[in-house]
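Top line first, the protein sequences correspond to chains D and C.
Residue numbering for the first sequence follows the working numbering, beginning at 1 and increasing consecutively.
Residue numbering for the second sequence follows the working numbering, beginning at 149 and increasing consecutively.
Number of protein chains: 2
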Amino acid sequence: MTFAENTAETAIDNFIDNFIAAVKFNTDGLVTTVAQEASSGEVLMLAWQNAAALRLTLQKREMVYFSRSRQKLWHKGETSGHIQQLHSIAMDCDGDALLAKVTQVGGIACHTGRKSCFYREFSDNDTTSDGIVSNAPVLKDPQHIYGA
Amino acid sequence: MTFAENTAETAIDNFIDNFIAAVKFNTDGLVTTVAQEASSGEVLMLAWQNAAALRLTLQKREMVYFSRSRQKLWHKGETSGHIQQLHSIAMDCDGDALLAKVTQVGGIACHTGRKSCFYREFSDNDTTSDGIVSNAPVLKDPQHIYGA
């Protein structure tokens, strides 16, 4: 690494440090992050990040979450190949939520094979639905996404 | 209320009951809810709902949240007039997050007078910014929204 590269790297690290310092993580050290498709505006998913996940996201420019069920860092797409390339990320007015605009590689964010995780929609006009209808198709069989 | 109206009301209540029963509220009885402008796709805010807030939202077709700081139901817009009319609401694959598509009356969701709460954007190319830049203008002075 040259001196110039090193200096640039340090400056970016400072920006990242400052941004992370302004985020209000909860008592578990986590913040909610919404991933939105940059091109269409479709909301793809909501997950959680700790400071380490947010730092990696800003460094790699790919979404890294913290899996609460597995209690570890989760580089989205590490198994499926469906990574999320970061375009921009912003915190909200009180700093306890983040909105990331991304390109969803493969066009599938949900482990069910749908584009978005938010497909279980309230409906009061389908008497067969029990109040919930699927508003989006399965694009790819999950067994083919993750290997059977 | 006629018999037919009463029956219809009961049916809707059943749909609402079923939808709420499928939501996985956290140990505090809350779920995260993202409000997105139906027309533009812009993400406006993220807040929390308990079962009562979600029920009122589905009944009124206006967003009702649960304020964690005030520990009470919060009918969005009750002070400012900036209510959010509900178009649709969906839960995600694991039922622990909701996405509501809304019309934002007044065009301002944020208490700072901005359209969206997500205006504090990460930037690594503005050396004066300290890593955070505002990506949206204040549309109305908060003192005029809430009364001085």
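Where a beta carbon is used, it is the ideal one built from N, C-alpha and C, also for glycine.
From a predicted model like this one, the values you see are computed outputs, not experimental measurements.
Among the residues facing chain C, residue 43 of chain D is included, as its CB has a counterpart in that chain under 9 Å away. Ranking D:146, D:125, D:111 by CA distance to the CA of residue 137 of chain D puts D:111 first. Runs of the beta strand (DSSP E) spanning 3 or more residues and lying entirely within the region 199-250 of chain C occur at 212-215, 220-223, 232-239, in chain order. Contact annotation: residue 197 of chain C and residue 181 of chain C have beta-carbon atoms nearer than 9 Å. Assignment of residue 253 of chain C by DSSP, reduced to helix, strand and coil, places it in the helix class. Using beta-carbon distances, residue 236 of chain C counts as an interface residue toward chain D, with a partner under 9 Å. Proximity of chain D to residue 180 of chain C at the Cβ level (cut-off 7 Å) is accounted for by 32, 46, in chain order.
Checking the DSSP bridge columns, you'll see residue 270 of chain C partnered with C:280. Non-local beta-carbon contacts of residue 209 of chain C in its own chain, meaning distances under 6 Å to residues more than five positions away in sequence, involve 234 in chain order. Neighbourhood of residue 245 of chain C in chain D, by CB distance below 9 Å: 32, 34, 45, 46, 47, 117, 118, in chain order. Not a single C-beta of chain D is nearer than 9 Å to the C-beta of residue 200 of chain C. Three or more Cβ pairs closer than 8 Å define a contact, and the region 12-21 of chain D falls short of that threshold against the region 74-81 of chain D.
Looking at the DSSP output, residue 184 of chain C bridges to C:191, C:249. For residue 144 of chain D, the enclosing alpha helix (DSSP H) begins and ends at 142-146. Sequence-distant Cβ neighbours of residue 168 of chain C in its own chain, meaning closer than 7 Å and more than five residues away, are 199, 202, 203.
Nearest in C-alpha terms to residue 291 of chain C, of all of C:252, C:280, C:261, is C:261. Ranking C:282, C:293, C:266, C:237 by CA distance to the CA of residue 186 of chain C puts C:237 first. Comparing alpha-carbon positions, the option among C:293, C:269, C:276 lying closest to residue 257 of chain C turns out to be C:293. Against chain D, a Cβ distance below 9 Å from residue 170 of chain C picks out 120, 130, 131, 132.
Scanning chain C for C-beta atoms nearer than 7 Å to the C-beta of residue 12 of chain D yields 272, reported in chain order.
Nearest CB-CB separation between residue 66 of chain D and chain C: not below the 9 Å threshold. The beta carbon of residue 98 of chain D is closer than 8 Å to those of 23, 31, 32, 33, 34, 49, 54, 89, 90, 91, 92 in its chain, skipping five residues each way along the sequence.
Residues of the same chain with a CB within less than 8 Å of the CB of residue 141 of chain D, apart from the 5 flanking positions on each side, are 113 in chain order. For residue 164 of chain C, the nearest beta carbon of chain D is closer than 9 Å to its own beta carbon. The beta carbon of residue 135 of chain D sits closer than 6 Å to those of 119, 121, all from its chain and outside the five residues before and after it, given in chain order. A direct Cα-to-Cα measurement between residue 64 of chain D and residue 278 of chain C gives close to 23 Å. Within chain C, the residues placing a beta-carbon under 7 Å from that of residue 58 of chain D are 270, ordered along the chain.
Not a single CB atom of chain D sits nearer than 9 Å to the CB of residue 289 of chain C. Residue 283 of chain C belongs to the set of residues whose beta carbon lies under 9 Å from a beta carbon in chain D. Sorting D:94, D:133, D:101 by C-alpha distance to the C-alpha of residue 57 of chain D places D:101 at the top.
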